[in-house]
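One structure is given here, and the rest of the page talks about it.
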Amino acid sequence: MVLLNCKKDMINKVCIHMNRNLHRKELLNQKQAFVLIIFGMLLIPNIVRAQTVNFYYDQGVSKMKSGQYENAIKEFQRVVKKDPYYWDAFYDMACCNVKLNKKELAIKNLDDAIKAKEDYYDAYFLRARLNYEAGNSRDALKDYQTVLEKKPGYILAYDRRGEMYFKADDYKKALPDLDKAIELETKNANTYLYRAEIYIGEEAEDQALKMLGKALKLNPELVRAYTVRYPVYERKEEYKKAIADIGKIMQISGYDEVLILKRAEMYYILENWKMAAKDFNTIISKYKSRESDVYYKRGVCYSRDGQYALAVKDFSKALMYNREDYASYYERAVAYTNISKSKYQMAMRDFTKAIELKNDCHQAYYQRGVFYYKTGKFKDAVDDFSSALKYAQNADYYYYRGASYYELSRKQEACADLKKASSMGHAKAKEQEPYMCY
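Using our numbering, you'd call the opening residue of the sequence shown number 2 and step up by one each time.
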């Protein structure tokens with residue numbers, strides 16, 4: 002009986018101990034639950050606030066993208082009121098104010114963005130640009146310097162600061178920044194353009210062309226690069242490349258009288274008469290040019306293309322604007338001789354006028370001499386060929402003077418001129434020399 006009672010006591014003690022443990026666990030769980038509830042109560046407002054801030058920010062971005070800048074600013078103001086460290090909201094607010102041409106407000110927004118995030122490089126760049134545009138170069142340079150101190154390999158800072166120095170004509174300071182940006186393989190086409198322009202100033206045109214090529218590879222629409230490059234090609238007498246660049250400029254920016262005239266003159270040098278005439282025609286018909294030289298050169302184009310009547314009209318027009326232009330008299334005379342024999346007398350008058358205006362115009366002496374030769378005036382022909390030879394050594398001049406001497410029975414002089422013409426490669430002189438110099 003005693004043993005049985007002892008067993009009952011032990012069982013009761015064990016049960017009591019187990020009940021106590023269960024009670025303790027329940028209390029612990031209740032405490033943990035209470036802590037979690039309190040933590041949740043503290044956290045939920047922050048989560049809700051963050052979600053609200055992001056909602057306003059997203060609304061602002063959406064309105065900014067659709068051009069509703071004032072409404073976007075209101076949304077961003079809500080954001081920074083709730084979270085004064087939301088730097089992107091300050092930055093985007095600045096962008097909106099730039100669009101609204103409120104640049105002073107934009108600078109203030111950027112000040113706030115940088116206070117919120119000290120290494121906010123985009124904010125530094127935009128603030129530097131706005132300060133530069135406002136004429137405050139010192140603060141702009143300070144921002145670029147700050148960025149480069151914090152991040153020495155930041156290419157855009159070298160690009161922008163180099164551009165500032167370049168536009169201020171301070172090439173000595175611009176060069177290190179431009180060269181550093183290029184060394185870091187910048188993708189800014191203007192950096193290569195500015196470097197090219199400095200090379201051109203140093204007469205290092207081959208290096209300039211390399212830089213311009215890189216600039217245009219990055220930005221094929223960079224008009225200034227073509228504008229800078231075509232004169233380099235022109236100086237190098239690479240006229241086809243220069244013409245291509247002029248064409249690209251006009252394709253992007255529209256037609257321009259100066260460029261069309263420049264292209265016409267290069268076509269003229271290349272003796273591409275049809276294309277040159279087309280451009281000169283545009284200058285005359287569209288831009289109403291009254292320049293003597295334009296009519297003269299179009300006349301030459303027509304003449305070389307066998308359109309002699311049109312050429313005569315242009316040379317006559319050129320002489321209306323400049324009566325002292327010997328070249329127009331000379332070319333009109335040549336055109337007359339190619340129209341018909343009935344125009345020979347008119348041609349003679351023009352050759353004579355060209356000589357009066359320019360007494361060393363050997364071509365005019367020669368052409369008039371040929372006319373005298375063909376009309377049997379051999380003595381006058383000899384005089385003109387001799388005058389031509391006074392100013393230029395030419396196989397044709399010797400040949401025709403020799404032929405004129407021969408007709409005057411002055412065979413010794415005729416033979417000497419034929420030999421001279423033959424030695425200069427004149428085919429007819431070589432053919433006739435054996436039986437005229439026997």
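We treat Cβ as the ideally placed atom computed from N, Cα and C, and that holds for glycine.
Is it buried or exposed for residue i, if we count other Cβ within 10 angstroms and need 16 for buried?
| i | result |
| --- | --- |
| residue 56 | exposed |
| residue 213 | buried |
| residue 364 | buried |
| residue 171 | exposed |
| residue 102 | exposed |
| residue 253 | exposed |
| residue 299 | buried |
| residue 280 | buried |
| residue 178 | buried |
| residue 218 | exposed |
| residue 321 | exposed |
| residue 120 | exposed |
| residue 427 | buried |
| residue 331 | buried |
| residue 307 | exposed |
| residue 61 | buried |
| residue 439 | exposed |
| residue 59 | exposed |
Would you kindly work out how many angstroms separate the C-alpha atoms of residue i and residue j, rounded to a whole number?
| i | j | result |
| --- | --- | --- |
| residue 266 | residue 277 | 7 Å |
| residue 35 | residue 84 | Residue placement at residue 35 is poorly supported in this model, since its pLDDT is 43, which falls under 50; the coordinates are not used for a value here. |
| residue 216 | residue 197 | 9 Å |
| residue 51 | residue 69 | Residue placement at residue 51 is flagged as unreliable, the pLDDT there being 49, under the threshold of 50; the coordinate-derived value follows with that caveat. Approximately 24 Å, taken between the alpha carbons. |
| residue 117 | residue 111 | 10 Å |
| residue 220 | residue 187 | 13 Å |
| residue 384 | residue 405 | 10 Å |
| residue 275 | residue 302 | 7 Å |
| residue 202 | residue 154 | 28 Å |
| residue 340 | residue 375 | 16 Å |
| residue 366 | residue 333 | 15 Å |
| residue 134 | residue 127 | 11 Å |
| residue 317 | residue 173 | 54 Å |
| residue 150 | residue 257 | 46 Å |
| residue 434 | residue 368 | 23 Å |
| residue 370 | residue 381 | 7 Å |
| residue 418 | residue 424 | 10 Å |
| residue 204 | residue 225 | 19 Å |
| residue 394 | residue 345 | 26 Å |
| residue 169 | residue 145 | 16 Å |
| residue 108 | residue 95 | 7 Å |
| residue 158 | residue 329 | 58 Å |
| residue 305 | residue 180 | 50 Å |
| residue 93 | residue 80 | 11 Å |
| residue 143 | residue 82 | 29 Å |
| residue 372 | residue 286 | 36 Å |
| residue 269 | residue 313 | 18 Å |
| residue 420 | residue 413 | 11 Å |
| residue 67 | residue 245 | 40 Å |
| residue 396 | residue 184 | 59 Å |
| residue 242 | residue 89 | 48 Å |
| residue 309 | residue 273 | 17 Å |
Looking only at its own chain, which residues have a Cβ that is under 7 Å from the Cβ of residue i, when we skip the five neighbours before and after it?
| i | result |
| --- | --- |
| residue 247 | 231, 260, 263 and 264 |
| residue 97 | 65, 70, 73 and 74 |
| residue 100 | 70 |
| residue 290 | 284 |
| residue 138 | 165 |
| residue 311 | 303 |
| residue 327 | 355, 358, 359 and 362 |
Leaving out the 5 sequence neighbours to the left and right, which residues in its chain are closer than 8 Å to residue i when beta-carbon positions are compared?
| i | result |
| --- | --- |
| residue 206 | 200, 233, 236 and 237 |
| residue 1 | Since the displayed the chain opens at 2 and closes at 439, residue 1 lies outside it and no answer follows. |
Is the separation between the beta-carbon of residue i and that of residue j shorter than 8 Å?
| i | j | result |
| --- | --- | --- |
| residue 422 | residue 430 | yes |
| residue 351 | residue 337 | yes |
| residue 161 | residue 190 | no |
| residue 390 | residue 400 | no |
| residue 319 | residue 296 | yes |
| residue 124 | residue 156 | no |
| residue 228 | residue 250 | yes |
| residue 240 | residue 210 | no |
| residue 411 | residue 387 | no |
| residue 407 | residue 437 | yes |
| residue 114 | residue 77 | no |
| residue 87 | residue 54 | yes |
| residue 343 | residue 323 | no |
Within its chain, find whatever has a CB closer than 6 Å to the CB of residue i; leave out the 5 residues flanking it on each side and keep chain order.
| i | result |
| --- | --- |
| residue 122 | 148 |
| residue 175 | 163, 166 and 167 |
| residue 1 | One cannot answer for residue 1 here, as it falls past the ends of the chain, which runs 2 to 439. |
| residue 348 | 334, 337 and 338 |
| residue 104 | 131 |
The ligand COA heavy atoms versus the CB of residue i: any closer than 7 Å?
| i | result |
| --- | --- |
| residue 305 | Of ligands this structure carries none, so the ligand COA is not represented either. |
Tell me, please, whether the CB atom of residue i is closer than 8 Å to any CB atom in chain C?
| i | result |
| --- | --- |
| residue 306 | Protein chain content of the structure displayed is limited to a single chain, and chain C is not contained in it. |
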